[in-house]
Amino acid sequence: MKAVVLTYDKYRHLTDHMIHKYNFLWPDHPFQFRIPYQQLAGENDARHDYIEAPKDIRGTVTALLQDLPDDEWIYWCIDDKYPVWLDVPAIRQLMNDMILPTVKSDGLLFCRCRSMLDGVGLRRERLKAVSGQVYLRRKNYEQIWIHQFVRVKVIRHLFEQFADDIPNAKVMDDMKKKVLLPESHALYVTRASYAVFGESTTRGKLTMNCYHSIVEAGDALPDMPVDKESIFMGGDEVLSLRDNIKLNLKRVKNYLVQ
């Protein structure tokens, strides 16, 4: 399966670390990562496919998807997220559920968090797979930046609605809220979380959790300042003790300032 990475040369260290984490947590994963580049080409192999692309965000996505049919399933993974924990057996089953021709789905998120938890981003519809899994239908593009399985047409349509000039990735959070999800694009999320992801950056800085993850993995650090904040998405019960302490201290701090 093609894993489409939204990134550019400046963040190559983050991309390399993200791929390293997938290789470590899921050694026999089925992904070939499509990595856009401007100057930093790499060697293509079974797990890497380097594709020359312009630096602008919309142009990059166009280049990554241009030879792919609308209905092809891809793994959408942007460079500012990386896996902390994966329930690999469960994720394999989710993949099998989604590729069945009898399943009318165009996307599946398996990290249920934020607006997917409080119901704001969900519809009443449910999809029951042969495996017994029940998937909840999403109503919009919320959490589209978290790594997930999706058909090419979903990502292609979203970026076709964006302006040509996207000054930075952060503005896409607001831009996506102005784009209606077509009724024919059925996106789902699992009831439970089968993954925990860490945010790699915040406000142009490396998150503290990503800094520690890169150092522990022995990967090269990017040339960017490090923020004191740690940001995770998914079930905090599977995080390390150190990361759990950081996560809960953040929650206490947020509660006190409310």
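In UniProt numbering, the protein residues as written are 1 to 258.
All C-beta atoms, glycine included, are put in the ideal place defined by N, C-alpha and C.
Note that the structure is a prediction, hence the values are computed from the model and not measured.
| Item | Value |
| --- | --- |
| If you drop the 5 nearest sequence neighbours on each side, which residues of the same chain put their C-beta closer than 7 Å to that of Gly59? | Ala53 |
| Hey, could you find the ends of the alpha helix (DSSP H) Arg12 is sitting in? | Arg12 to Leu25 |
| Given that a residue counts as buried once 16 or more other Cβ atoms are within 10 Å of its Cβ, and exposed if not, what is Ile214? | buried |
| Could you give the DSSP three-state label for Thr207: helix, strand or coil? | coil |
| Would you call the CB atoms of Val150 and Trp85 closer than 8 Å? | no |
| When the Cα atoms are used, what is the spatial distance from Val189 to Leu40? | 35 Å |
| Rounded to a whole number of angstroms, what is the C-alpha to C-alpha distance between Met233 and Arg47? | 25 Å |
| Check whether the region 116–131 and the region 165–178 are in contact - that is, three or more C-beta pairs closer than 8 Å. | no |
| When you compare the CB positions of Asp80 and Glu199, do they come within less than 8 Å of one another, or not? | yes |
| Provide the residue span of the beta strand (DSSP E) that contains Arg156, from first to last. | Element bounds for Arg156: not the beta strand (DSSP E) but the alpha helix (DSSP H), Val152 to Gln161. |
| Rounded to the nearest angstrom, what separates residue 259 and Arg12 at their Cα positions? | What is shown of the chain runs 1 to 258, which leaves residue 259 out entirely. |
| Quick one: complete beta strand (DSSP E) runs, 3+ long, within the region 92–126? | 107–109 |
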